[in-house]
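**Student:** Residue numbers for the sequence shown, in my numbering: 13 to 464. Note that beta-carbon positions come from the ideal geometry of N, C-alpha and C, so glycine has one too. Note that the structure is predicted; figures quoted are calculated from it, not measured.
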Amino acid sequence: MDIIAKTKKFFLISGDLIVLYMALLLTLILRYGSDWFYQWDFHFYPFTIVYLLTIIVFYIIGLYDLHTARNNFAFFTTLVKAITASAILAITFFYFIPYFGIAPKTNLFLNLAIITLLLAGWRQFYNYSLKTSALLNNILVIGQNKETQELIEYINHHPQLGYRIKKIALSEELKILHDLIDTIVQEKIQIVLTAADPRKDSNLVRNLYQCLPLKISIIDLPAFYEKITNKIPVSAIEEIWFLENLMAEQKIFFEAAKRMLDIVASLLLGITTLVLFPLIALLIKMGSSGPILIKQKRVGRDSRIFELVKFRTMLALAPDGSAKKAGAQWSKEKDDRITRIGKWLRKTRLDELPQVWNVLKSEMSFVGPRPERPEFAFSNELLAQIPFYQIRHVIKPGLTGWAQIKYPYASSVEDNLQKLQYDLYYIKNRSFVFEIAIILKTIKIILSGGGR
């Protein structure tokens, strides 16, 4: 994430915290008048815990995603859901964990009402301010291709990200030095985005070099595309990109620590959910005939084949309990092979509980690319039409992942291309913070009933 986006999120979270504590202050003033000062210490610590949990809820639900920070119906619907979830959390905290010795019925109701009013006003102001001209960075795009067109359309539809396309020009049109400088000055350009690799155009490099005193940022297409869309444009990169971005740092410490966390988390999850296995098995048997568990060959790290274990969610039409008709088939959003119980298991991700065994065996991780079937991963069609497809196998596959939450279903070559671009983004940028973000977003999808 770039410094501008981090700054915007910092002010957004800070503003939310100010609103929450301001709501507490107004609540105490309205309830206790001049005695509010004496009540502040009594209420501060328990409400602080509730407010910190509220910020986490806001993050899970998506209120800190700048891509959705727009004053439209979808955003305010999300805001209402977030406030409702926070209210339930606060009620649960005060009435089921009576550690602080208070059960503030009136105070809590009044506080939630004030939070709703203040937060709606603050967020509306914030979303509107993101689109003001003073906060927009003007972009000069040099060169045009499929990816630049996607970026232009995306930026035009998401002005809250802080960018504005001021001019689009072919590289040949700006090869004369004074033309390039005049354009930058007249259009008040802050960012020059080059679609073509400047290293392959010596004249363009010389001209861009002369523009450095103008204090502009010069960014190549893959880097800016990644920053804006959170995926890597595979058709705009070459082998050198992988050498520069995937081999420079092996993330040895990260991988070792992640493995330890996978072991601990798989043991805890496996033990705590073991009681659910008999119930799930009964539901599967009642829903359709066939085995309870199925085993499928999947492609793991370094293209090694392993057997994935999961609860059956489809009609058993093949000896292994899968729904194979005429060879392996991609799952679709509305797949008639999925049973009624299977739909529920997929939405709640309960069908994947047996995969903690795969995690424990180090065949999978909790976060990573989706483990694909060999029939798809090694198909000539995918390998021929999708550049660098096999690179997704340099790390372990995961129960959830960046591509899985951003692009749930892949039922065509184009879908797999989109998912690969998200997978490459994860592989390049994986970190503990990113892992937590993916897990929290997965929880949001499960709670909202938006599972596979």
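1) Nearest-angstrom Cα distance between Leu226 and Pro234?
2) Thinking just about the alpha-carbon of each residue, which of Gly74, Tyr138, Leu65 and Asn139 is nearest to the one in Thr104?
3) Among Ile25, Phe49, Asp209 and Val246, which one has its Cα closest to the Cα of Leu395?
4) Under the rule that 16 or more other beta-carbon atoms within 10 Å means buried, what is Asn157, buried or exposed?
5) Using a threshold of 9 Å, state whether the C-beta atoms of Phe254 and Phe390 are closer than that.
6) Tyr175 lies in the beta strand (DSSP E); which residues open and close that run?
7) With 16 other CB atoms within 10 Å as the buried threshold, where does Ala338 fall?
8) Per DSSP, what are the beta-bridge partners of Arg310 in this structure?
9) Terminal residues of the continuous beta strand (DSSP E) containing Phe378?
10) Alpha carbon to alpha carbon, how far is Arg361 from Val287? Give it in angstroms, no decimals.
11) Return the first residue and the last residue of the alpha helix (DSSP H) that Asp274 is part of.
12) Do Leu258 and Ile403 have their CB atoms nearer than 9 Å?
13) Only counting runs of 4 or more residues, tell me where the alpha helix (DSSP H) segments fall wholly within the region 199-231, in order along the chain.
14) CA-CA distance, Asn370 and Arg316?
15) Give me, in chain order, the residues of the same chain whose beta-carbon lies closer than 7 Å to that of Ile304; leave out the 5 immediate sequence neighbours on both sides.
16) Is the region 118-134 touching the region 166-176 in the sense that three or more CB pairs, one from each, lie closer than 8 Å?
17) Between the alpha carbons of Ile201 and Gly413, how many angstroms are there, rounded?
18) Specify the secondary structure class of Ile450 as computed by DSSP and reduced to three states.
19) Following a CB-centred definition, is Asn392 positioned closer than 8 Å to any heavy atom of the ligand MN?
20) Roughly how many angstroms lie between the CA atoms of Leu42 and Leu75, to the nearest whole one?
21) Reducing DSSP to helix, strand and coil, say where Gly354 ends up.
22) Should Leu192 and Leu220 be called a contact, given that it needs their Cβ atoms to be closer than 9 Å?
23) State the Cα-Cα distance for the pair Glu313 and Ser301, rounded to the nearest angstrom.
24) When the distance is taken between beta carbons, is Ile275 closer than 9 Å to Val379?
25) Using three-state DSSP, classify Phe323 as helix, strand or coil.
26) According to DSSP, which residues form a beta bridge with Gly410?
27) Do you know how far the Cα of Arg442 is from the Cα of Lys270?
28) Distance cutoff 9 Å, beta carbons only. Does Gly380 sit that close to anything in chain B?
29) Can you give the Cα-Cα distance for Phe108 and Tyr57, rounded to whole angstroms?
30) Please state whether the Cβ-Cβ distance between Ile252 and Ile231 is less than 9 Å.
31) At the level of alpha carbons, what is the spacing between Asn196 and Leu152?
32) Would you kindly report the start and end of the unbroken alpha helix (DSSP H) that includes Val368?
33) Give the secondary structure of Leu75 by DSSP, where H, G and I count as helix, E and B as strand, and everything else as coil.
34) Cα separation between Asp194 and Cys223?
35) Does the Cβ-Cβ distance between Phe85 and Asn139 come in under 9 Å?
**Tutor:** Result, derived from the coordinates:
1) Here residue 226 refers to the residue found at position 214 when the sequence shown is read from its first residue. Here residue 234 refers to the residue found at position 222 when the sequence shown is read from its first residue. When rounded, the distance between both Cα atoms is 23 Å.
2) Looking up residue 104 in the sequence shown gives position 92. Of the candidates Gly74, Tyr138, Leu65 and Asn139, the one whose C-alpha sits nearest the C-alpha of Thr104 is Leu65.
3) Along the sequence shown, one-based indexing puts residue 395 at 383. Taking only the C-alpha atoms, the option nearest Leu395 is Val246.
4) The residue labelled residue 157 in the question sits at position 145 within the sequence shown. So Asn157 counts as exposed.
5) Taking the first residue of the sequence shown as position 1, residue 254 is located at position 242. Taking the first residue of the sequence shown as position 1, residue 390 is located at position 378. Cβ distance not < 9 Å, so Phe254 and Phe390 don't count as in contact.
6) For the purposes of this step, residue 175 is taken as the residue at position 163 of the sequence shown. Counting along the chain, the beta strand (DSSP E) containing Tyr175 begins and ends at Tyr175 to Ala181.
7) Here residue 338 refers to the residue found at position 326 when the sequence shown is read from its first residue. Low local confidence applies: a pLDDT of 48 at Ala338 is under 50, so the model's placement there is unreliable, with the coordinate-based value given in what follows. Exposed: under 16 other Cβ atoms inside 10 Å.
8) Counting from 1 along the sequence shown, the entry for residue 310 is found at position 298. Arg310 is bridged to Phe318.
9) Your numbering for residue 378 matches position 366 in the sequence shown. Counting along the chain, the beta strand (DSSP E) containing Phe378 begins and ends at Ser377 to Val379.
10) Numbered from its first residue, the sequence shown carries residue 287 at position 275. Numbered from its first residue, the sequence shown carries residue 361 at position 349. Looking at the two C-alpha atoms, the distance is approximately 16 Å.
11) Numbered from 1 along the sequence shown, position 262 holds the residue referred to as residue 274. Looking at the DSSP string, the run of the alpha helix (DSSP H) that includes Asp274 is Ile264 to Thr284.
12) For this step, residue 258 is matched to residue 246 along the sequence shown. For this step, residue 403 is matched to residue 391 along the sequence shown. Yes, Cβ-Cβ distance for Leu258 and Ile403 is below 9 Å.
13) 214-222
14) Here residue 370 is taken as the residue at index 358 of the sequence shown, counted from 1. Here residue 316 is taken as the residue at index 304 of the sequence shown, counted from 1. Using only the alpha carbons, I get a separation of about 13 Å.
15) Translated into the one-based positions of the sequence shown, residue 304 becomes position 292. Excluding positions up to five away in sequence, the list reads Ala293, Ile296, Lys297, Phe323 and Arg324.
16) no
17) Counted from its first residue, the sequence shown places residue 201 at position 189. Counted from its first residue, the sequence shown places residue 413 at position 401. About 37 Å.
18) Along the sequence shown, read from residue 1 onward, the residue named residue 450 stands at position 438. Three-state result, Ile450: helix.
19) This structure does not include the ligand MN; it has no bound ligands of any sort.
20) Here residue 42 refers to the residue found at position 30 when the sequence shown is read from its first residue. Here residue 75 refers to the residue found at position 63 when the sequence shown is read from its first residue. Distance between the alpha carbons of Leu42 and Leu75: 29 Å.
21) As a position in the sequence shown, residue 354 is number 342, starting the count at 1. It is helical.
22) Position 180 of the sequence shown, counting from 1, holds the residue named residue 192. Position 208 of the sequence shown, counting from 1, holds the residue named residue 220. Contact flag set, yes.
23) As a position in the sequence shown, residue 313 is number 301, starting the count at 1. As a position in the sequence shown, residue 301 is number 289, starting the count at 1. For the record, residue 313 in the displayed sequence is Arg; it is not Glu. C-alpha separation (whole angstroms): 34 Å.
24) In the sequence shown, the residue the question calls residue 379 occupies position 367. In the sequence shown, the residue the question calls residue 275 occupies position 263. In this structure, Ile275 does not lie closer than 9 Å to Val379 by Cβ.
25) Taking the sequence shown and counting its residues from 1, one reaches residue 323 at position 311. Strand, per DSSP.
26) Locating residue 410 in the sequence shown gives position 398, where the first residue counts as 1. Gly410 is bridged to Ser377.
27) Start at 1 with the first residue of the sequence shown, and residue 270 comes out as number 258. Start at 1 with the first residue of the sequence shown, and residue 442 comes out as number 430. So the alpha carbons of these two residues sit roughly 11 Å apart.
28) As a matter of chain content, chain B is missing from the structure shown, which is built from one protein chain.
29) For the purposes of this step, residue 108 is taken as the residue at position 96 of the sequence shown. For the purposes of this step, residue 57 is taken as the residue at position 45 of the sequence shown. Phe108 and Tyr57: Cα-Cα distance of roughly 17 Å.
30) For the purposes of this step, residue 252 is identified with residue 240 of the sequence shown, where counting begins at 1. For the purposes of this step, residue 231 is identified with residue 219 of the sequence shown, where counting begins at 1. Cβ distance not < 9 Å, so Ile252 and Ile231 don't count as in contact.
31) As a first step, residue 196 must be located in the sequence shown, where it is residue number 184. As a first step, residue 152 must be located in the sequence shown, where it is residue number 140. Here residue 196 turns out to be Ile, not Asn, going by the sequence shown. For Ile196 and Leu152, the distance between alpha carbons rounds to 8 Å.
32) On the sequence shown, position 356 is the one that residue 368 refers to. Start and end: Val368 to Leu372.
33) Counted from its first residue, the sequence shown places residue 75 at position 63. Of the three classes helix, strand and coil, the one that applies to Leu75 here is coil, per DSSP.
34) The residue labelled residue 194 in the question sits at position 182 within the sequence shown. The residue labelled residue 223 in the question sits at position 211 within the sequence shown. Approximately 10 Å, taken between the alpha carbons.
35) To locate residue 85, count along the sequence shown from 1; it is residue 73. To locate residue 139, count along the sequence shown from 1; it is residue 127. Not a contact, by the Cβ cut-off of 9 Å.
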